[in-house]
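Enquirer:
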Amino acid sequence: MYLGHFSLREAPFSITPDTDFFFAHEGAQASLNMLLVALRSGEGFLKVVGELGCGKTVLCRQLLKTLQGECVTAYIPNPDMGPDDLLVALCGELGLAVEQPVQRHQLMAGLAQCLLDHAQHGRRVVVCIDEAQAIPVRTVESLRLLSNLETEKRKLLQLVLLGQPDLDDKLARPEIRQLLQRITFSEYLGPMRPERVPAYMAHRLERAALGATTDTDVFTPAAARAIAQASGGVPRLINILAHKCLMLAYGEDRHRVSAAHVRLAAQDTPGVLPRPLWWRRLWPVSRTRRLRGTQGEWE
2 MYLGHFSLRE APFSITPDTD FFFAHEGAQA SLNMLLVALR SGEGFLKVVG ELGCGKTVLC
62 RQLLKTLQGE CVTAYIPNPD MGPDDLLVAL CGELGLAVEQ PVQRHQLMAG LAQCLLDHAQ
122 HGRRVVVCID EAQAIPVRTV ESLRLLSNLE TEKRKLLQLV LLGQPDLDDK LARPEIRQLL
182 QRITFSEYLG PMRPERVPAY MAHRLERAAL GATTDTDVFT PAAARAIAQA SGGVPRLINI
242 LAHKCLMLAY GEDRHRVSAA HVRLAAQDTP GVLPRPLWWR RLWPVSRTRR LRGTQGEWE
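Position in the sequence shown (first residue = 1) + 1 = the numbering used here.
#1: State the start and end residues of the unbroken beta strand (DSSP E) segment that holds residue 76.
#2: Anyone know if the C-beta pair for residue 208 and residue 21 falls short of 7 Å?
#3: Closest to residue 147 by CA distance: which of 122, 132, 108, 178 is it?
#4: Would you check if the distance between the CB atom of residue 198 and the CB atom of residue 229 is smaller than 7 Å?
#5: What separation, rounded to the nearest whole angstrom, lies between the Cα atoms of residue 9 and residue 225?
#6: With distance defined between alpha-carbon atoms, name the residue in 25, 85, 167 nearest to residue 236.
#7: Check the DSSP bridge columns for residue 129 and list the partner residues they point to.
#8: Hey, quick one: how far does the alpha helix (DSSP H) through residue 8 stretch, first residue to last?
#9: So, using beta-carbon positions, are residue 172 and residue 160 closer together than 7 Å?
#10: For the ligand FAD, is there any heavy atom lying closer than 6 Å to the beta carbon of residue 119?
#11: Check each candidate in 219, 167, 217, 220 and name the one with the smallest Cα separation from residue 52.
#12: Counting along the chain, where does the alpha helix (DSSP H) carrying residue 66 start and finish?
#13: Just to confirm my understanding: we take residue 103, look at its own chain, exclude 5 residues before and 5 after, and list those with CB closer than 7 Å. What are they?
#14: Would you say residue 70 faces chain C, with C-beta separation under 7 Å as the test?
#15: So which of 150, 81, 192 has the shortest CA-CA distance to residue 140?
#16: Please report the Cβ distance between residue 33 and residue 60, rounded to the nearest whole angstrom; I am assuming they are in contact, meaning their Cβ atoms lie under 8 Å.
#17: Which whole-angstrom value is the C-beta distance of residue 126 and residue 50, which I expect to be below 8 Å?
#18: Roughly how many angstroms lie between the CA atoms of residue 144 and residue 46, to the nearest whole one?
#19: Taking Cβ positions, are residue 221 and residue 257 nearer each other than 7 Å?
#20: So which of 185, 129, 253 has the shortest CA-CA distance to residue 75?
#21: Is it buried or exposed, residue 202, if we count other Cβ atoms within 10 angstroms and call 16 or more buried?
#22: Less than 8 Å between the CB atoms is what I'm expecting for residue 43 and residue 155, so what's the real figure, rounded?
Shown next, in the form of structure tokens:
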């Protein structure tokens with residue numbers, strides 16, 4: 002690997018969600034701020050919808066990390082399960098023993114008592130459900146029932162749903178509109194702006210550096226711009242491209258990543274945006290013409 006070559010203690014562009022590398026670009030910081038303010042205000046149901054690869058999971062883990070010591074937290078990473086299984090998973094996260102055979106009314110009674118005990122001691126309980134677009138429709142009713150647990154003054158359970166845009170489509174279905182009406186705040190997490198990509202990469206290199214003397218000025222400005230264009234600002238694609246570029250530079254015994262390295266990495270990476278044709282980049286958009294069809298019709 003290239004770690005020694007670039008004086009790094011760990012791979013800076015791993016696609017594994019790691020809060021040590023959390024980068025508070027505008028979208029991520031806005032989503033985190035909304036969640037923290039709403040949760041601390043006692044809101045019961047919150048939602049964050051984000052595009053594929055835009056950092057929903059690391060945002061979720063950063064939220065849980067920030068809330069440590071402030072409230073009781075539970076994390077459900079894969080909610081693609083039946084109604085009873087979801088309740089069992091939640092009981093496990095909250096440290097509740099589950100008797101066999103599983104009976105739903107006992108699960109709900111046990112959860113209600115657990116939440117009341119936490120409330121009596123002044124502890125809020127926050128449950129984060131990642132990949133929420135995978136929740137089966139028949140399981141959504143369990144979430145609605147959980148949202149009903151409250152006292153006269155406060156919600157006993159605060160739920161945060163994080164998912165891909167398919168989550169909005171699922172919540173819009175008529176049979177589960179009751180759940181949609183309970184969501185008080187929502188946020189959209191999209192790609193970062195192109196001008197933020199160089200700072201994002203520099204941030205990750207600094208976090209992974211062996212020491213203060215490590216040279217983290219690895220990507221030339223042209224390479225950073227090329228990665229921003231090819232990735233569309235999607236953090237996962239940025240990480241994949243940057244990782245491949247470091248491997249290419251290491252293979253050539255170079256300490257700087259060039260735009261040529263980015264072009265090679267992009268050719269080997271599904272999902273990157275196509276590079277504009279050279280004449281497209283030179284001509285004004287108003288003068289661009291495309292030949293369409295077989296009869297020579299210009300548009």
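Yeah, the Cβ is synthetic: ideal placement off N, Cα and C, and Gly gets one too. The model shown is predicted, which means the values in this text are computed figures rather than measured ones.
Expert: Result, derived from the coordinates:
#1: 73-77 is the span of the beta strand (DSSP E), which, as asked, contains residue 76.
#2: In terms of Cβ geometry, residue 208 and residue 21 form a close pair [threshold 7 Å].
#3: Of 122, 132, 108, 178, the smallest CA-CA separation from residue 147 is found for 108.
#4: Yes, the Cβ-Cβ distance between residue 198 and residue 229 is below 7 Å.
#5: Residue 9 and residue 225 have their C-alpha atoms roughly 19 Å apart.
#6: Of 25, 85, 167, the residue nearest in Cα terms is 25.
#7: Residue 129 pairs with 76, 161.
#8: No alpha helix (DSSP H) holds residue 8; DSSP gives it neither H nor E.
#9: Cβ atoms of residue 172 and residue 160: not closer than 7 Å.
#10: Among the ligands in the structure shown, none appear at all, so the ligand FAD cannot be discussed.
#11: Minimum Cα distance to residue 52 is reached at 167.
#12: Counting along the chain, the alpha helix (DSSP H) containing residue 66 begins and ends at 57-68.
#13: 85, 89, listed in sequence order.
#14: Reference to chain C is not applicable here, since this structure consists of a single protein chain.
#15: It is 81 whose Cα lies nearest to the Cα of residue 140.
#16: Sure, about 6 Å apart at Cβ, within 8 Å.
#17: Residue 126 to residue 50, Cβ: 23 Å. No contact.
#18: Going by the C-alpha atoms only, they are around 10 Å apart.
#19: For residue 221 and residue 257, yes; Cβs fall inside 7 Å.
#20: Measuring from the Cα of residue 75, the nearest candidate turns out to be 129.
#21: Residue 202 is buried by the Cβ-count criterion.
#22: For residue 43 against residue 155, the beta-carbon gap comes to about 6 Å, under 8 Å, which counts as contact.
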